[in-house]
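What follows is one structure encoded as structure tokens, with my remarks underneath.
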Amino acid sequence: MHLVIFSVISAVLISCALGVVISRNIVHSALFLLFALISVAGIYLVLLTEFLAIVQLLIYGGAIVIVILFALMLTRNEEYPRIQNNKLWPIAGILSVLVLITLSVSYFQSDVIRSASTTISPAGVKSLGSSLFTTWAIPFELASLVLLVALIGAIVIARSDKDGN
Amino acid sequence: MQYFWLIPVISFIAFIITSLVGNKILKQAWIFPVVAIILGLGIYCFGLTEYLQSRFDLEHCVRSSVTGMVGCNYSVGWFSAGVTGKETVDSFLGFTVDPLSLSVAGLAIFVALMVQIYSIGYMKDDPRFGWYYSVQALFISSMILLALSDNFLLLYVAWELVGLCSYLLIGFWYEKPDAKEAAKKAFTVTRLGDVGLLIGILLIWIEVGSFNMSDLFSYVASGQMESWVIFSISGLLFLGAMGKSAQFPFHVWLPDAMEGPTPVSALIHAATMVAAGVYLVARTYPLFVESEAMMLIVSIIGLITAIGAALICCVSIDLKRALAYSTISHLGLMMLSLGAFGYTAAILHLLAHGFSKALLFLGSGNIMHSIDDLDINRMGGLKSVLPGTTILFCIGALSLAGIPLLSGFWSKDEVIVSIVHNRNILFAISSMILVFLSGFYMIRLIIIPFFGTQNRDYSNAHKLPMVMLIPMGVLAVFVVLFGWVALYMPGLPSSFGTFLFYSHPKNFHLEPDIASITLVVTLLSFGAGYLFYVKRISIFQTFKTRMKFLITIIENKYYFDELYQILVDKIVLPIASLVALFDRVLVNDIGINGPGHITRSIGSLIRYHVTGRIYVYLGLMTSGMIILGILWLWIVRL
Amino acid sequence: MLELIHFNILSVLLFSVGLYGVLARKSAILIIMAIELMLNAVNINFIAAAAFKHGGGLFTNFDGHILTIFIITIAAAEVGLALALILRIFRNKSTVNVDQFDMMKL
Numbered sequence: 000m001h002l003v004i005f006s007v008i009s010a011v012l013i014s015c016a017l018g019v020v021i022s023r024n025i026v027h028s029a030l031f032l033l034f035a036l037i038s039v040a041g042i043y044l045v046l047l048t049e050f051l052a053i054v055q056l057l058i059y060g061g062a063i064v065i066v067i068l069f070a071l072m073l074t075r076n077e078e079y080p081r082i083q084n085n086k087l088w089p090i091a092g093i094l095s096v097l098v099l100i101t102l103s104v105s106y107f108q109s110d111v112i113r114s115a116s117t118t119i120s121p122a123g124v125k126s127l128g129s130s131l132f133t134t135w136a137i138p139f140e141l142a143s144l145v146l147l148v149a150l151i152g153a154i155v156i157a158r159s160d161k162d163g164n
Numbered sequence: 000m001q002y003f004w005l006i007p008v009i010s011f012i013a014f015i016i017t018s019l020v021g022n023k024i025l026k027q028a029w030i031f032p033v034v035a036i037i038l039g040l041g042i043y044c045f046g047l048t049e050y051l052q053s054r055f056d057l058e059h060c061v062r063s064s065v066t067g068m069v070g071c072n073y074s075v076g077w078f079s080a081g082v083t084g085k086e087t088v089d090s091f092l093g094f095t096v097d098p099l100s101l102s103v104a105g106l107a108i109f110v111a112l113m114v115q116i117y118s119i120g121y122m123k124d125d126p127r128f129g130w131y132y133s134v135q136a137l138f139i140s141s142m143i144l145l146a147l148s149d150n151f152l153l154l155y156v157a158w159e160l161v162g163l164c165s166y167l168l169i170g171f172w173y174e175k176p177d178a179k180e181a182a183k184k185a186f187t188v189t190r191l192g193d194v195g196l197l198i199g200i201l202l203i204w205i206e207v208g209s210f211n212m213s214d215l216f217s218y219v220a221s222g223q224m225e226s227w228v229i230f231s232i233s234g235l236l237f238l239g240a241m242g243k244s245a246q247f248p249f250h251v252w253l254p255d256a257m258e259g260p261t262p263v264s265a266l267i268h269a270a271t272m273v274a275a276g277v278y279l280v281a282r283t284y285p286l287f288v289e290s291e292a293m294m295l296i297v298s299i300i301g302l303i304t305a306i307g308a309a310l311i312c313c314v315s316i317d318l319k320r321a322l323a324y325s326t327i328s329h330l331g332l333m334m335l336s337l338g339a340f341g342y343t344a345a346i347l348h349l350l351a352h353g354f355s356k357a358l359l360f361l362g363s364g365n366i367m368h369s370i371d372d373l374d375i376n377r378m379g380g381l382k383s384v385l386p387g388t389t390i391l392f393c394i395g396a397l398s399l400a401g402i403p404l405l406s407g408f409w410s411k412d413e414v415i416v417s418i419v420h421n422r423n424i425l426f427a428i429s430s431m432i433l434v435f436l437s438g439f440y441m442i443r444l445i446i447i448p449f450f451g452t453q454n455r456d457y458s459n460a461h462k463l464p465m466v467m468l469i470p471m472g473v474l475a476v477f478v479v480l481f482g483w484v485a486l487y488m489p490g491l492p493s494s495f496g497t498f499l500f501y502s503h504p505k506n507f508h509l510e511p512d513i514a515s516i517t518l519v520v521t522l523l524s525f526g527a528g529y530l531f532y533v534k535r536i537s538i539f540q541t542f543k544t545r546m547k548f549l550i551t552i553i554e555n556k557y558y559f560d561e562l563y564q565i566l567v568d569k570i571v572l573p574i575a576s577l578v579a580l581f582d583r584v585l586v587n588d589i590g591i592n593g594p595g596h597i598t599r600s601i602g603s604l605i606r607y608h609v610t611g612r613i614y615v616y617l618g619l620m621t622s623g624m625i626i627l628g629i630l631w632l633w634i635v636r637l
Numbered sequence: 000m001l002e003l004i005h006f007n008i009l010s011v012l013l014f015s016v017g018l019y020g021v022l023a024r025k026s027a028i029l030i031i032m033a034i035e036l037m038l039n040a041v042n043i044n045f046i047a048a049a050a051f052k053h054g055g056g057l058f059t060n061f062d063g064h065i066l067t068i069f070i071i072t073i074a075a076a077e078v079g080l081a082l083a084l085i086l087r088i089f090r091n092k093s094t095v096n097v098d099q100f101d102m103m104k105l
């Protein structure tokens, strides 16, 4: 049962990902990205981490894709051109296939993966939360600092000169 | 005698001083070299009397078992090449005083002194007066060093120095392109011989283990040297002698060397430097006599040189060139004598010829100084203009032609005696032909310039200063007296042959039959010369037209210069350009410029990877990652 | 049954698709989208590795999940900054075409 669900969701995921990188229309790509991220949330559910699935949907789907769409709007030059691939795209294809082969072969050879368990341990919110605020407290605080810096940085960088301060 | 080393040293110091301050005291630059030579002459005379009175310093002097003469050897360690304890090359600075070195050194010092004094007058107005005297001082220093040295390394150094001074002095008037070419020619041709000398010296070291001459002689005397080694070493040394002493085919430089100032020709190319080759053969005589074949070769080359040069001299029209060819001929005669086991005769002739030829050259210098021309066909009747020169010139010429009572007669006679005794009939006949020719050309050189019909106007001939005539006079006295020295050496029981000999003293005795034949031939040649050039008999003209072909060959010096030119053009220059090609392409372009070029071209290729475009960089990073992954899989896993 | 290797293959597949997008797309914003895909692939890998570890119950290992939370956080920050930069460049060059961003070449 799990296998079927997993296969369906991963099929959707891969096809949406392919849509992101192959589509000729930028906005179509953005939408494919959205669906891909939602499928990833589905994968998280298969892996019994509801909390992360929700977080994924909220942040990626709710914030990041929106921001990307805004950026698309702001950087619009002419009517979106048809071909979106740059000069090196055949080589890119070869390289990514090579990466695929290399990584999968190395995964297949790995002992750690072969000796993994076959049951999925769920990760409840309570346990995640206690772990986050005890063992991982310091990185948590640092992450908030990173967000602050990114916020300020984005404002500074994207500020227009004409506005002055 | 132990102060003999001072002679070259004092002259060398004079050289340094004169080259430093010569230009400042231009007119008096002759002082230091002349004083140095006078001092050297004093030391020499003192040492000579010591030797003649047999006041030998027993610590250093020993009667050589090989040559039979008493030689005094003074040496001091010079350098030791190699690791001490293992096999080293030990070099010594030393000189030996024995009759051979005494004779040659004496000739050199004395003629040098006369020439230096003569040059005060001859080179008076030359702007490079100081440089002339400094190079002369260096030359004298090296020539004495050559005559006195007792090991081959020092000999080679002195040999090269003498060659250098000859080059500098031949090309003294370097404004004349002919002089430059002649200097280069002299240096190059003698260099060819010097290669042989160097290889010979190295072979000596390989064979004997030491550069010392006495070590070589004892090694040879002990019979340890194989005959082909003896032949090769003596052959190589003879090559060096051929170069310096202008034997065929290395003779081509000496006539052209007449481009230099006349005193230079008198000193270097008549009396001293060209005698160095004869001296070398005489010094290494113990080596030469062991090889019959080598002695024969020496005689043959000497004979060819002597007759060939004598023939050219008969048709020369430039006075100095004629004298040069005569020098070559007499050098050939000396070599012939050495090859015919006439050791004493050869050295005796060396000394006699040195004095006489120097006198003759200085005489031609007088002519040059007076009328600025050396073409003998344009002179004639000089005896009325230059009476003193005429007498002195005649003394020198008649001595060499073989008039009795003058020194040349005795020495030539000795040579003929050795040839007749030790070589076959062919040599004897050839030497008679040589006697005829040498008499003939000397008479020609006397008659045409001095006694012939006056061809030109001598009213603006320059006067000759006394300083030029006095040295000539002293030389002439020597020419006359030296013959008696051959008969009776002061301080010794008998003649020169008891002073200088090989293995046992030879008493000088006149062999009447040989001497009379020689005299008759000489007088015949005088008669022929008189008839041809004074009476101008008609047979002379028919002779000249009949032999036109031969005479043309002789007049063109047997086309030797053209042969050499072809050799150089066809062989030497292509090889040189091949070597230059090797150097330019292989060493320079590929070896040195190559890595630079490669680096630069690789760099300009690689430069294009910095495109500035992100996807290119990312692609390269990805490729690197893939390669690392594959390596990890390969090494760790498989 | 579901095993860890399945999730690994999925993650690798997603990663290489994202890599293709990064290398082959012309617009900078498309590249950022592809980067998001790669990050998500990594997230899947981490969570799967944490979920399939031996020992459940009290001994569950949560490292992968926590790491994923942080990755999502950082990804958000990064996208914000990246798009700010792209806006800046767009103002100067009026294009977001990566082909034309070669001002740093020799």
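Chains as they are written, first to last, in numbering that gives the first Met the number 0: chain A, 0 to 164; chain B, 0 to 637; chain C, 0 to 105. Glycine included, every Cβ here is placed at the ideal spot set by N, Cα and C.
Residue i versus residue j: straight-line alpha-carbon distance, rounded
{"i": "Leu-106 (chain B)", "j": "Ala-396 (chain B)", "result": "19 angstroms"}
{"i": "Ala-269 (chain B)", "j": "His-352 (chain B)", "result": "8 angstroms"}
{"i": "Asp-512 (chain B)", "j": "Gly-67 (chain B)", "result": "30 angstroms"}
{"i": "Ile-229 (chain B)", "j": "Phe-287 (chain B)", "result": "8 angstroms"}
{"i": "Arg-320 (chain B)", "j": "Asp-588 (chain B)", "result": "49 angstroms"}
{"i": "Leu-47 (chain A)", "j": "Val-54 (chain A)", "result": "14 angstroms"}
{"i": "Val-134 (chain B)", "j": "Phe-559 (chain B)", "result": "31 angstroms"}
{"i": "Ala-157 (chain A)", "j": "Val-11 (chain C)", "result": "35 angstroms"}
{"i": "Tyr-121 (chain B)", "j": "Leu-197 (chain B)", "result": "37 angstroms"}
{"i": "Thr-101 (chain A)", "j": "Val-584 (chain B)", "result": "49 angstroms"}
{"i": "Leu-71 (chain A)", "j": "Ile-28 (chain C)", "result": "7 angstroms"}
{"i": "Leu-572 (chain B)", "j": "Arg-190 (chain B)", "result": "17 angstroms"}
Beta-carbon proximity check, residue i vs residue j, cutoff 9 angstroms
{"i": "Pro-642 (chain B)", "j": "Ile-143 (chain B)", "result": "The structure shown has nothing for residue 642 (chain B), since chain B only spans 0 to 637."}
{"i": "Ile-68 (chain C)", "j": "Tyr-43 (chain A)", "result": "no"}
{"i": "Tyr-614 (chain B)", "j": "Val-21 (chain C)", "result": "yes"}
{"i": "His-348 (chain B)", "j": "Glu-258 (chain B)", "result": "no"}
{"i": "Leu-3 (chain C)", "j": "Ala-115 (chain A)", "result": "yes"}
{"i": "Ala-256 (chain B)", "j": "Leu-358 (chain B)", "result": "no"}
{"i": "Gly-341 (chain B)", "j": "Asn-421 (chain B)", "result": "yes"}
{"i": "Tyr-532 (chain B)", "j": "Ile-432 (chain B)", "result": "no"}
Endpoints, alpha helix (DSSP H) assigned at residue i
{"i": "Ala-136 (chain B)", "result": "128-147"}
{"i": "Asp-560 (chain B)", "result": "559-566"}
{"i": "Gly-110 (chain C)", "result": "Here chain C has residues from 0 to 105 only, and residue 110 (chain C) is not among them."}
{"i": "Gly-643 (chain B)", "result": "It is not possible to answer for residue 643 (chain B), since the shown part of chain B is limited to 0 through 637."}
{"i": "Phe-78 (chain B)", "result": "Looking at the DSSP string, Phe-78 (chain B) is not in any alpha helix (DSSP H); the run it does join, the beta strand (DSSP E), is 69-80."}
{"i": "Arg-599 (chain B)", "result": "592-605"}
Limits of the unbroken beta strand (DSSP E) element including residue i
{"i": "Ala-91 (chain A)", "result": "Unbroken run through Ala-91 (chain A) is the alpha helix (DSSP H), 88-108; no beta strand (DSSP E)."}
{"i": "Thr-95 (chain B)", "result": "88-96"}
{"i": "Val-61 (chain B)", "result": "60-62"}
Top-ranked residue by Cα proximity to residue i, from the options
{"i": "Asn-150 (chain B)", "options": "B:Lys-184, B:Asp-124, B:Leu-92", "result": "B:Leu-92"}
{"i": "Thr-87 (chain B)", "options": "B:Val-207, B:Val-110, B:Trp-227, B:Ile-42", "result": "B:Val-207"}
{"i": "Tyr-131 (chain B)", "options": "B:Leu-25, B:Cys-393, B:His-250, B:Ser-102", "result": "B:Leu-25"}
{"i": "Val-434 (chain B)", "options": "B:Ile-629, B:Leu-391, B:Lys-411", "result": "B:Lys-411"}
{"i": "Ser-10 (chain B)", "options": "B:Leu-112, B:Pro-248, B:Tyr-607, B:Arg-545", "result": "B:Leu-112"}
{"i": "Val-45 (chain A)", "options": "A:Ile-154, A:Asn-84, A:Ile-119, A:Thr-133", "result": "A:Ile-119"}
{"i": "Val-194 (chain B)", "options": "B:Leu-168, B:Ser-217, B:Tyr-155, B:Lys-175", "result": "B:Tyr-155"}
{"i": "Trp-77 (chain B)", "options": "B:Ile-36, B:Leu-153, B:Phe-360, B:Val-520", "result": "B:Leu-153"}
Proximity test, residue i beta-carbon vs the ligand ZN heavy atom, cut-off 8 angstroms
{"i": "Lys-179 (chain B)", "result": "Among the components modelled here there is no ligand, and therefore nothing to report on the ligand ZN."}
### Message
Quick check for students: name the residue ranges of the beta strand (DSSP E) that lie wholly in the stretch 224-267 of chain B, counting only runs of 3 or more.
### Response
none
#### Entry: Segments assigned alpha helix (DSSP H), at least 4 residues, entirely inside the stretch 385-412 of chain B
386-400
### Task
Let me know the alpha helix (DSSP H) ranges lying completely inside the stretch 516-553 of chain B, each 4 residues or longer, listed in chain order.
537-545
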